[in-house]
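Chains as they are written, first to last, in my numbering: chain A, 1 to 259; chain B, 1001 to 1259; chain C, 2001 to 2259; chain D, 3001 to 3259.
4 protein chains.
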Amino acid sequence: MTQSDRQDRQASQDVAVIVGGGPGISSSCARLFARSGMRVAIAARNPDKPVLQNLEKTPGVRRYACDASQPAAVESLFQNVVRVLGPPTLVVHNIDGRVPEIFRKAITEADPVVALATLRNSAFSAFLVGQQAARLMLENTPNANGTKGTIIFTNASAALKGFPLSGAFAMACHAKAGLAQSMARELMPQGIHIANVPIDAAIGWKQEDGTRAHRLAGVAVDDNMADPDCIAEAYLQLHRQHRSTWAFEVVLRPWVEKW
Amino acid sequence: MTQSDRQDRQASQDVAVIVGGGPGISSSCARLFARSGMRVAIAARNPDKPVLQNLEKTPGVRRYACDASQPAAVESLFQNVVRVLGPPTLVVHNIDGRVPEIFRKAITEADPVVALATLRNSAFSAFLVGQQAARLMLENTPNANGTKGTIIFTNASAALKGFPLSGAFAMACHAKAGLAQSMARELMPQGIHIANVPIDAAIGWKQEDGTRAHRLAGVAVDDNMADPDCIAEAYLQLHRQHRSTWAFEVVLRPWVEKW
Amino acid sequence: MTQSDRQDRQASQDVAVIVGGGPGISSSCARLFARSGMRVAIAARNPDKPVLQNLEKTPGVRRYACDASQPAAVESLFQNVVRVLGPPTLVVHNIDGRVPEIFRKAITEADPVVALATLRNSAFSAFLVGQQAARLMLENTPNANGTKGTIIFTNASAALKGFPLSGAFAMACHAKAGLAQSMARELMPQGIHIANVPIDAAIGWKQEDGTRAHRLAGVAVDDNMADPDCIAEAYLQLHRQHRSTWAFEVVLRPWVEKW
Amino acid sequence: MTQSDRQDRQASQDVAVIVGGGPGISSSCARLFARSGMRVAIAARNPDKPVLQNLEKTPGVRRYACDASQPAAVESLFQNVVRVLGPPTLVVHNIDGRVPEIFRKAITEADPVVALATLRNSAFSAFLVGQQAARLMLENTPNANGTKGTIIFTNASAALKGFPLSGAFAMACHAKAGLAQSMARELMPQGIHIANVPIDAAIGWKQEDGTRAHRLAGVAVDDNMADPDCIAEAYLQLHRQHRSTWAFEVVLRPWVEKW
């Protein structure tokens, strides 16, 4: 019986919480985790957007409302999940807080109010989600791989390199990476697997008609865009790693990307 | 005439702004910069604390009140400096936002309100100070080394490595490093020297009686503590580098420090 | 049909070459790759050591003699593999060159002859193996994931951090990492997946009697040692990644390891 | 009396050894160190080339023959220096081993013989020079800054990032960085300051007629080339740092360089 077989059998006991509800990574995760037998909660500020309504048709997926930059809202989300689905074993924080108002904008022109909102929505929400997840996971019994739970922070290449014209975004992504690293050193010896996964790519997801789409309408999806289904698969592999060999940071990057 | 000679003569035209007003690095910078002929502004939330009152007795040093986490306060600080001392050519952001409430505290126990305040006081204030400094410096004429101005972010080893039990501090320090890197890539080609200087050490400053002191009363200053006078000297050297050979990141670390 | 299913079917066409023939990672890779349907070549300076003789009993595994620090020997190995098994699609370089003579030895005491031999056996052999692998793989047809081949360099934590008392080992590991990075930037856009995998752990492999063993006799295998079967599984996952989302560097580390 | 004043007076006791004898950084270091009152040895494979003959006219500078890739030659160099000038307090390793045969060449095309020679000439010679320097410096009495000696490794941006088409050079530069880091962790607590200084730039030195020149004839020196006089000044500042605040790694980069 391979590690994967072992895990597939146990997966029915897994409860996944995905914070952030876009059509890319979050949706791919929700579908793959559910297909692997997990009970899946997907949370977004507005849970009524069509993407989430659609996702909920997948057996095992439930949607939740949560403004992840608010301490009380995040606490309440996790309490609801515990009550309805059980204590989480896999949590994905998938909010990057990127907004057009500060992206590709000179530091001299960036609006401080938007910069602070970016920090709150991305890095601070990661802190809140990570904190709630850690509190609950520490109470879990280790699974067959010795893991009490896995917390994955989706990140961007701006976590690795501060690019020009995006100071506030660089702050938020670096902050999230720093948080993940601190949590990894603190919680891995307590049985919680922490991962920081910078995606060094644009995301181009598959639509129902088989064509691929990008966040910005009109942007053609090409060979340099990451397929979020592959990202979800990498997350599942991270969750299934035995604690003798955990990866903390994995940068996923298309073959033709410059770096 | 060496580069240093050249600079000493020009230093009388230099205007330095130091944001953060403690007895360690900020005070050492204020004294050294003034002694080198600069006009020096030192800003703190409470400018009436004895340290700053004392510093103002140094010829060339003036103290200013500024809550650096408030956009309007930072803008007003820089406008006052320009009016009284002239446009800044050297700006040091020297606030790390470390507070006892979140330091050496498990992620599960850290107060979110304090975590967010740390991000604001440290990283967001760096954004505000960097933004105002950049706006003014871009208007400067390059000096003999080709530099329109130098912006230095004092940082901590938590900018390089997320330590356990300090998630919020790791976020803030990483965020500041990400900001600095983004600003460096954006502004260096426009003639502004940006530096991120993680101090991988406790600070032990010299007191008037010749003994050394540390932030926490009762902590003995030993050979493993950094002398802030040496840090100030490193900052002055950074400011005086020719733009053909700028250093962006310099980690200063005592000889006996483990890393 | 998932990505894994797709790959399992194709795996019979995969030809793996493992350079380095110890009882840990190399053996685990040979067994897992063969079990996944690959034809496997395992090469060591002395192919007659019991470990390799034993491995050859696994269906699909063949052993080869190769001093990987010799250009002609490496070229000849790959020619033999192509002739007998076919062109390689997965190559693992698994030699770290660590020898007791220079490990935990002051820089002032290390024997230069041994230091140079370490560079040759580890880093230079990686160059030779990588070069031969790249030449052959560039001729391959991309598989269903768009991959012409995968080259994995097993590395150590000394690739990430130069530890005291191990200057020559730090050189060799850093060199291997630099090579891997250069090859990644050069060959990934040509369809070859390059990975550098520092194992931040001692290795403790399972013996036939179920107990675990370590390279040094008498060292007890504890919870902080990596299971090479898990490392082999991570390598297989790397080989199976779709080229839209390749990982270049993955550090594998036990949960209780300090870093 | 500032730290610089203090040091200038002591500089007459300083003995500098520069290994590598080109017209750029080595020559600038020799001139600046001699002008600062040091006794300077400059060593090159061929000490009779015009650059070194010329340098020897500078008071305080002596040239030595040394093939730094040969253990016996390096040992002999340092013994000669000790006998003639005294024990070294500042050693600069300034050989990057870059040769046209492997630079900008596909990994599939690079000649293994040249690759190995690059490793030997650059990284292994750094090991030999560092080892001899360390042995001697450990016997020194600390100077006023607490420093027994400073060993500086000139490096290239390939130490930070493995660029395509330069696998062997990436290996050599990474190896040198790994060595420097290991030596820093080992020797700094023993009073020897180790520095790794990647120069992320082409070098354009000043010629006697005031124009600037580059290693490759016909390459125009522009604003993006580093002035080696400024690099030498940075090295002198590193040597003069107090041990309470040593910098280990300093990347020097022109203002307009992309990174």
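Glycine included, C-beta positions come from ideal geometry on N, C-alpha and C. Quick caveat, the model's predicted, so the values are computed rather than measured.
Could you check where the alpha helix (DSSP H) with residue i kicks off and where it finishes?
i                  : result
Arg-35 (chain A)   : 25–35
Glu-3249 (chain D) : First-last for Glu-3249 (chain D): 3246–3253, but that is the beta strand (DSSP E), not the alpha helix (DSSP H).
Pro-1059 (chain B) : Here Pro-1059 (chain B) belongs to no alpha helix (DSSP H), and DSSP marks it neither H nor E.
Pro-1112 (chain B) : 1112–1118
Arg-3039 (chain D) : Looking at the DSSP string, Arg-3039 (chain D) is not in any alpha helix (DSSP H); the run it does join, the beta strand (DSSP E), is 3039–3044.
His-2193 (chain C) : No alpha helix (DSSP H) contains His-2193 (chain C), which is instead part of the beta strand (DSSP E) from 2192–2199.
Gly-1178 (chain B) : 1167–1187
Arg-3215 (chain D) : Note, Arg-3215 (chain D): premise wrong, no alpha helix (DSSP H); not H, not E.
Could you check whether the Cβ of residue i sits closer than 8 Å to any Cβ belonging to chain A?
i                  : result
Arg-2215 (chain C) : no
Ala-2011 (chain C) : Only weak support exists for where Ala-2011 (chain C) lies, its pLDDT of 48 falling under 50; the value from the coordinates is given anyway. No, Ala-2011 (chain C) does not count as interfacial toward chain A.
Thr-2211 (chain C) : no
Phe-1103 (chain B) : no
Phe-2169 (chain C) : no
Gln-1181 (chain B) : yes
Ala-2177 (chain C) : no
Pro-1071 (chain B) : yes
Could you confirm whether any beta carbon from chain D is found closer than 8 Å to the beta carbon of residue i?
i                  : result
Cys-1173 (chain B) : no
Cys-1230 (chain B) : yes
Ser-2166 (chain C) : yes
Glu-2186 (chain C) : yes
Thr-1058 (chain B) : no
Ala-2110 (chain C) : yes
Pro-1189 (chain B) : yes
Trp-1246 (chain B) : yes
Arg-1083 (chain B) : no
Using beta-carbon positions only, say whether residue i and residue j come within less than 8 Å of one another.
i                  : j                  : result
Gly-191 (chain A)  : Trp-2255 (chain C) : yes
His-3093 (chain D) : Phe-3153 (chain D) : yes
Val-2015 (chain C) : Thr-2089 (chain C) : yes
Ala-44 (chain A)   : Gly-60 (chain A)   : no
Val-40 (chain A)   : Ile-25 (chain A)   : no
Leu-1136 (chain B) : Pro-1071 (chain B) : no
Val-129 (chain A)  : Val-81 (chain A)   : no
Gly-1178 (chain B) : His-214 (chain A)  : no
Gly-2097 (chain C) : Ala-2201 (chain C) : no
Phe-3078 (chain D) : Gln-3013 (chain D) : no
Ile-2194 (chain C) : Ala-2180 (chain C) : yes
Ser-1244 (chain B) : Asp-3227 (chain D) : yes
Leu-3032 (chain D) : Asp-3229 (chain D) : yes
Ile-3102 (chain D) : Ala-3115 (chain D) : yes
With a threshold of 8 Å between beta-carbons, can residue i be considered close to chain C, or not?
i                 : result
Gly-146 (chain A) : yes
Lys-194 (chain A) : The sequence as given places Ile at residue 194 (chain A); Lys does not occur at that position. False, the Cβ-Cβ gap to chain C never drops below 8 Å.
Ser-28 (chain A)  : no
Ser-157 (chain A) : no
Is it buried or exposed for residue i, if we count other Cβ within 10 angstroms and need 16 for buried?
i                  : result
Asp-3005 (chain D) : Residue placement at Asp-3005 (chain D) is flagged as unreliable, the pLDDT there being 47, under the threshold of 50; the coordinate-derived value follows with that caveat. It is exposed - the Cβ of Asp-3005 (chain D) has fewer than 16 other Cβ atoms within 10 Å.
Glu-2968 (chain D) : Because chain D in this structure spans residues 3001 to 3259, residue 2968 (chain D) falls outside the shown range and cannot be described.
Ala-144 (chain A)  : exposed
Val-3084 (chain D) : exposed
Gln-237 (chain A)  : buried
Glu-1257 (chain B) : buried
Return no unless some Cβ of chain B is closer than 8 Å to the Cβ of residue i.
i                  : result
Ala-106 (chain A)  : yes
Arg-135 (chain A)  : yes
Gln-3207 (chain D) : no
Pro-87 (chain A)   : no
Over what stretch of residues does the beta strand (DSSP E) that includes residue i continue unbroken?
i                  : result
His-1093 (chain B) : 1090–1093
Asn-2155 (chain C) : 2149–2156
Ile-1270 (chain B) : One cannot answer for residue 1270 (chain B) here, as it falls past the ends of chain B, which runs 1001 to 1259.
Spell out whether any CB of chain G is found under 8 Å from the CB atom of residue i.
i                  : result
Asp-2227 (chain C) : You won't find chain G in this structure, because its protein chains are A, B, C and D.
Practice prompt. Taking only beta carbons into account, state which residues of the region 122–133 of chain A come closer than 7 Å to chain B, listed in chain order.
Written response: For the region 122–133 of chain A, the set of residues with a beta-carbon nearer than 7 Å to any beta-carbon of chain B comprises Ala-123, Phe-124, Phe-127, Leu-128, Gly-130 and Gln-131, in chain order.
Item to complete: Anything in the region 248–259 of chain A with a Cβ closer than 9 Å to a Cβ of chain C? List those residues in chain order, please.
Response: Those would be Phe-248, Glu-249, Val-250, Val-251, Leu-252, Arg-253, Pro-254, Trp-255, Val-256, Glu-257, Lys-258 and Trp-259, in chain order.
Item to complete: Would you list, in chain order, the members of the region 37–58 of chain A that have their beta-carbon closer than 8 Å to a beta-carbon of chain C?
Response: From the region 37–58 of chain A, no residue has a Cβ closer than 8 Å to chain C.
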